[in-house]
Amino acid sequence: MSHLPVLCVLLPLFAAPIALLVRHRHVVRWMAILVAWADLAIALELLSQASEAPIHYWLGGWAPPLGIELVIDEVNAFLLVIVTAMASVVLPFGPGSAALAIPDGRRHLFYAAFLLCMCGLLGISATGDAFNVFVFLEVTSLSSYTLIALGKGRRALMAAFSYLVMGTIGGTFILIGVGLLYQMTGTLNMADLAERLPAVMETRTVLVAFGFLVCGSSIKLAVFPLHQWLPNAYSHAPSMVSAFLASTATKVSYYVLVRVLFGIFGAAFVFGTAKLHWLLLPASLAAMFLGSLAAIFQTDVKRLLAYSSIAQIGYMTLGLAMNSVNGLAGGLVHLFNHALTKGGLFLVVACVTWRVGSSKLDDFAGLGKRMPLTVLAFAIGGFSLIGVPGTAGFISKWYLVTAALEKGWLWLAILILLSSLLAVAYVFRVLEVCWFREPPEGDSGEPPPNMWIPAWILIGATIFFGLWTDLTGSVAERAAAFLMGVG
Amino acid sequence: MSLWIHESVVVLMMLGLYIVIARDNLVKKVMGLSIFQVSVILFYVAVGKVDGGTAPILGEGIEVYSNPLPHVLMLTAIVVGIATTALGLALVLRIREAYGTTEEDEIVAMDRGSAE
Amino acid sequence: MASTFMLVAFFLPLVLAGVIRACDKVPNLRDGLTVVFAACTFACVAMMVPAVAAGETVQATLALPFDGLSIGFRVEPLGMLFALVASGLWIPTSLYAFGYMRGHHEENQTRFFMCFALAIFAALGIAFSANLLTLFLFYEVLTFSTWPLVTHHQTEAAKKAGRVYLGILVFTSVCFLLLGIVWTYVQAGTLDFVNGGILEGNVEPWMVPVLLALFAFGTGKAALMPFHRWLPNAMVAPTPVSALLHAVAVVKAGVFTVLKVVVYTFGIDFLTMTSASDWLKWVAAGTILISSVIAVTQDNLKARLAYSTISQLAYIVLGAALATSAAVIGGGLHIAMHAMGKITLFFVAGAIMVHTHRKKVSELDGLGRRMPFTFAAFFIASLSIIGLPPTGGAWSKWFLALGATSGPEDQVFVGVFMASSLLSIAYLMPIVGRGFFLPEKPDPHHPHHGEGIDEGPLLCVAPLCATALGCFALFLLADDIREFLLPLGGM
């Protein structure tokens, strides 16, 4: 069988120690970029193969359920594309020296950590073994703690430490959950678990395992009220890192939650026996409203985007909690759309930081005169967060509101629309500062091509996928139908 | 059948979580995390024990072995634990350099005092 | 063939926005190209008329965001009329804007004209839309492309006005209009515009008035009370913005949406059958009368005109709510008549501002003798707004009133139309009277030397004379327009 699936995951893993050994920072940077681009090509190839039939790859040739297998179906092939695409766009971004706090001699360590993070994210998405998820999850987490700690200023250190504590607790909860499931079924393979679980579904052990798994994934996903680590982590990390993590780490964790809920336990158990929606629905609504409200009052734009992410994650979990195909489709499509939007917005903020030296809202004054195209990019990304038609964010909102009305929950549809209005408030707060205030003395002009090209690729994609959704909407719909049918 | 092993797992788990939450000293938090992770390791190994089985090492004349799989999994988990502890302590070291203290409440006060 | 013209007309303003940006440093080239593009756009739109009149299908699909729901165009008579109005009046407004912005020494003219072009682009998108999704898309584009125009002066007052503008329009469009659209989609399975509506047989009886409320209040641009405050607030913008966007494109997009939804999503027969629009008739009538009364009390000229617009827009909403073929056709006619008349009135207000720096009605005494062409145009346009022959407004008022006579309960609304005409005489004619017949008050800040005619800049006065003459022309063309709109009434 073709080795593409495992190559996709392991290519960055091979590159990471090479990055450690080769100390020359430009060579390491270009190696990382080429690895990301090659991996993207592999992921696209896997996506086209997986659209026909799921790919099963046995690691080392050992047959499951004893061996570890990688299962690539349409949904996680999609996720592989997202992760590699984000890495491909973010790695070439910028000259590097302005964005990062690391001295030149240590730059190769940054790329090693980045490649490890990428490997971990790809591994979580591709694997079909529950313990394997934990392993790759820890690889991702450890490298992301390192990446976040590289931010400017000492607050990045505390942010990384808090994230370390919470993330480890989350990962360990997942480990406990997997252990309990293993105790009841004797297998770690996800498909096998789905088959064996119904026999023991009524036991308390399985319910506790469910609780630990959901709780652990929710910590990594920053579901309200387990979101405390996210604002600090995203705002103090270097912008490139925020852009990459905001668009991939939480998305992959969302996918883990989806796999656990629908791939292992099944919709009947989740909504019937465990009644998860009683917990997840209010939590999602709280995230949507409180996250957006908090964003309105921030004085730092990166922190504003971080709180906005919490709200957007609320939309994704809302789709999950609705127990409807359209709702889950909305959540899955928002996974992709938000990755594009938030990644693009953080890169835009990085462009601004390059010009004005900080990401504080007051320093954005008069930016409309100094960098009009960059502000336009921010506006378009902001429109996607609001859900203006023509942008990707609208597509997700449409699915969610349609799902709410199909279930006859008029109140939920109104709440979803009201929360979009809060997004108008915080987006226009930034735009008003750029538009109305006088710029201070200083240079004007757009950032260099290696900064605006990646930013505009992502922002342009936001518009493209708001109008032509063959790749996103239909995939999400099919995947949701398939997932809701299981169990 | 006595469940002392599972009871001690729960005790260690709660102990570890308590230390993480209740103690301000960053080094102690890392310790707490470590204890929490150790409890899970104990749990898995306990899961693998088969009644009447010996340690999963091939030997002459032994019929019943305990399940080796959890042991293998826990080797990975131990490595993860070491890496986490090491990273955590490295961060604490840097924090100590930057702030001059490793007490969380003092650090939070310093952060609140400076900017924002 | 006509589809090609449609697409060219649609994309021209978008291309122009880019061209304007490129010609930033050469103002004369920039402004000249604006007029050329505007003329070409109008020409393309005009070329589509024969095909639409003959009932041909003129359509195009642009994008496919959802399975079964496209972003596409399909032109019908009402949309054709709106497109003609918007693209046609773009030409005099551009000329007027050049005169005004230069006479006033305004800054950021490039940004201004770019957003203008984008707004026209959005208006054409609304006019041509084939389904509710496309209409909603361009409706939102229109809101966001006109925000920089409303806040053009970038002062604190502009910022506040921008917040009210955005706040009301986005709130209504997201919480009411979008909700209505998705609900319609969930019930009917489609969002296409079909003569006779798509709701019949797909909804429970209690849903119809609720959906109508969501659409009527959701279309904030139609300035139906209580969501009308954005319009007087937006008067802080430069007058060309007020003129085109708030007398023509933005508010017309609002009432166009209401009319289109009533005819093509609900269906006028379905509405009459379910009596679902009865409450809307009273809300519209209330808006007409209350805003006319407020207009009488306003001393600021632009504010007075703004409340007049709110009142006139409610005429069209009332026409839609009456849901008879005459009323609906009258509403469509009124889109054109009111546009021509109101734009003239705003042009006059702006010309007075730029030339004499006077904004209040009480300051206008005697100016008519100094600026006779300007005030004569104001007189003609006032006749159209009041609804007197020989101006176009007479015909639209006639058909609207005719539409109110078909049902016995509706005849009270004929009285509402009449009362409103009297009120409009009260708020428009005094301006003409003061201008021509009262002695001028000396203004220490802007002393006027000598007697004789002292008109505003030519680029301001010529367009307003043209649009005033347009009011006469529309009187003569009214029957042709009415015949063109017959399919609206289901004939």
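Chains as they are written, first to last, in my numbering: chain A, 1 to 487; chain B, 1001 to 1116; chain C, 2001 to 2491. Note that the Cβ used here is the ideal one computed from N, Cα and C, for glycine as well.
Does the ligand FAD have a heavy atom nearer than 6 Å to the CB of V1027 (chain B)?
In terms of ligand content, the structure shown is empty, and the ligand FAD therefore cannot be addressed.
How should R1112 (chain B) be labelled, buried or exposed, when 16 other C-beta atoms within 10 angstroms of its C-beta is the threshold for buried?
It is exposed - the Cβ of R1112 (chain B) has fewer than 16 other Cβ atoms within 10 Å.
Indicate whether at least one CB of chain A lies closer than 7 Å to the CB of V1011 (chain B).
Answer no: the Cβ-Cβ gap between V1011 (chain B) and chain A never drops below 7 Å.
Residue-level contact to chain A via CB, W2282 (chain C), 7 Å cutoff:
False, the Cβ-Cβ gap to chain A never drops below 7 Å.
Straight-line Cα distance separating K2252 (chain C) from L345 (chain A):
Near 35 Å, if we compare the C-alpha coordinates of K2252 (chain C) and L345 (chain A).
Taking a Cβ distance cut-off of 7 Å, strictly less, list which residues of the region 1063-1084 of chain B are near chain A, in chain order.
Residues of the region 1063-1084 of chain B with a C-beta atom less than 7 Å from some C-beta of chain A are L1073, T1076, A1077, V1080, A1083, T1084, listed in chain order.
Within 7 Å, strictly: CB atoms of I148 (chain A) and A160 (chain A)
If you check the CB distance, I148 (chain A) and A160 (chain A) come in under 7 Å.
Length of the line joining the Cα atoms of S2003 (chain C) and L2062 (chain C):
Their backbone Cα atoms lie some 12 Å apart in a straight line.
Going by DSSP in three states, H56 (chain A) sits in which element: helix, strand or coil?
H56 (chain A) sits in a strand when the DSSP states are folded into three classes.
Go through its chain and collect everything with a Cβ distance to H1006 (chain B)'s Cβ below 8 Å, but skip five positions before and after it.
The residues are F1043, A1046.
Might you give, ordered along the chain, the residues of its own chain that have their beta carbon closer than 6 Å to the beta carbon of S384 (chain A), omitting 5 neighbours on each side?
Around S384 (chain A), the same chain offers T341, T391, A392, G393, T462 as residues with beta carbons nearer than 6 Å, after the five sequence neighbours per side are excluded.
Kindly indicate which residue of C:A2086, C:P2389, C:D2067, C:F2436 has the alpha-carbon position closest to the one of T2190 (chain C).
Nearest C-alpha to T2190 (chain C): C:D2067.
Among A:S419, A:L157, A:V349, whose alpha-carbon lies nearest the alpha-carbon of A286 (chain A)?
Comparing alpha carbon positions, the residue from A:S419, A:L157, A:V349 closest to A286 (chain A) is A:S419.
What's the C-alpha gap between S218 (chain A) and F265 (chain A)?
One C-alpha to the other measures close to 16 Å.
4 or more residues per run - each alpha helix (DSSP H) lying fully within the region 194-279 of chain A
Within the region 194-279 of chain A, the complete alpha helix (DSSP H) segments at least 4 residues long are 204-221, 229-236, 239-258, listed from N- to C-terminus.
Considering Cα atoms alone, identify which of C:G2392, C:V2461, C:A2054 is closest to L2476 (chain C).
Closest by alpha carbon: C:G2392.
Collapsed DSSP secondary structure at D2480 (chain C) in the structure displayed
D2480 (chain C) sits in a helix when the DSSP states are folded into three classes.
Interface positions of the region 2121-2150 of chain C facing chain A (Cβ-Cβ less than 8 Å), listed along the chain
Listed by position, the residues of the region 2121-2150 of chain C near chain A (Cβ gap below 8 Å) are L2133, F2136, L2137, E2140, V2141, F2144, P2148.
Using a Cβ-Cβ cut-off of 7 Å, state whether P2065 (chain C) counts as contacting chain A.
At a cut-off of 7 Å between beta-carbon atoms, P2065 (chain C) makes contact with chain A.
R488 (chain A) (DSSP reduced to helix, strand or coil):
Since the first and last residues shown for chain A are 1 and 487, residue 488 (chain A) lies out of range.
Cβ of R259 (chain A) less than 7 Å from any chain B Cβ?
No, R259 (chain A) lies away from the interface with chain B (no Cβ there is under 7 Å from its Cβ).
May I have the straight-line CA-CA distance separating V429 (chain A) from I296 (chain A), to the nearest angstrom?
Val is not the amino acid found at residue 429 (chain A); the sequence shown has Arg there. Each residue's Cα considered, the two are about 7 Å apart.
Closer than 7 Å to chain B by CB, G151 (chain A):
No, G151 (chain A) lies away from the interface with chain B (no Cβ there is under 7 Å from its Cβ).
K275 (chain A) classed as buried or exposed, judged by whether at least 16 other C-beta atoms fall within 10 angstroms
The C-beta of K275 (chain A) has fewer than 16 other C-beta atoms within 10 Å across all chains shown, which makes the residue exposed.
Backbone CA spacing between S2396 (chain C) and G2470 (chain C) [nearest angstrom]:
G2470 (chain C) has its alpha-carbon roughly 15 Å from the corresponding atom of S2396 (chain C).
Look at the Cβ atom of V1998 (chain C), then the Cβ atom of S2094 (chain C), and state whether they are nearer than 7 Å.
Absent from the structure is residue 1998 (chain C), since the part of chain C shown begins at 2001 and ends at 2491.
Close Cβ partners of T2196 (chain C) (< 6 Å) along its chain, the five nearest in sequence each way excluded:
Before going further, note that residue 2196 (chain C) is Gly rather than Thr in the sequence given. Exclusion of the five residues before and after G2196 (chain C) leaves G2267 as the residues of its chain whose Cβ lies within less than 6 Å of its Cβ.
Residue range of the beta strand (DSSP E) that E138 (chain A) falls in?
It is not in any beta strand (DSSP E) - E138 (chain A) instead sits in the alpha helix (DSSP H) that spans 130-149.
With distances taken from CA atoms, which of B:V1092, B:R1023, B:H1071, B:G1052 is nearest E1063 (chain B)?
The shortest Cα separation from E1063 (chain B) among B:V1092, B:R1023, B:H1071, B:G1052 belongs to B:G1052.
Would you say L10 (chain A) lies against chain B (beta-carbon separation less than 7 Å)?
Taking CB atoms only, L10 (chain A) has no neighbour in chain B less than 7 Å away.
Does DSSP put E1116 (chain B) in a helix, in a strand, or in coil?
No answer about E1116 (chain B) holds up, because its pLDDT of 47 lies below 50 and its placement is not dependable.
Tell me, please, whether the region 346-361 of chain A touches the region 400-418 of chain A by the rule of three or more beta-carbon pairs shorter than 8 Å.
No, because fewer than three Cβ pairs between the region 346-361 of chain A and the region 400-418 of chain A fall closer than 8 Å, the two stretches do not touch.
Which residues, in order along the region 384-415 of chain A, keep a beta-carbon less than 9 Å from a beta-carbon of chain C?
Listed by position along the chain: I386, G387, V388, P389, G390, F394, I395, K397, W398, Y399, V401, T402, A404, L405, E406, L410, A413, I414.
Rounded to the nearest angstrom, what separates L7 (chain A) and Y111 (chain A) at their Cα positions?
One C-alpha to the other measures close to 19 Å.
Where does E2409 (chain C) land, buried or exposed, given buried means 16+ other C-beta within 10 angstroms?
When all chains shown are included, E2409 (chain C) counts as exposed.
Roughly how many whole angstroms lie between the Cα atoms of L2345 (chain C) and A2127 (chain C)?
For the pair L2345 (chain C) and A2127 (chain C), the Cα-to-Cα distance works out to about 24 Å.
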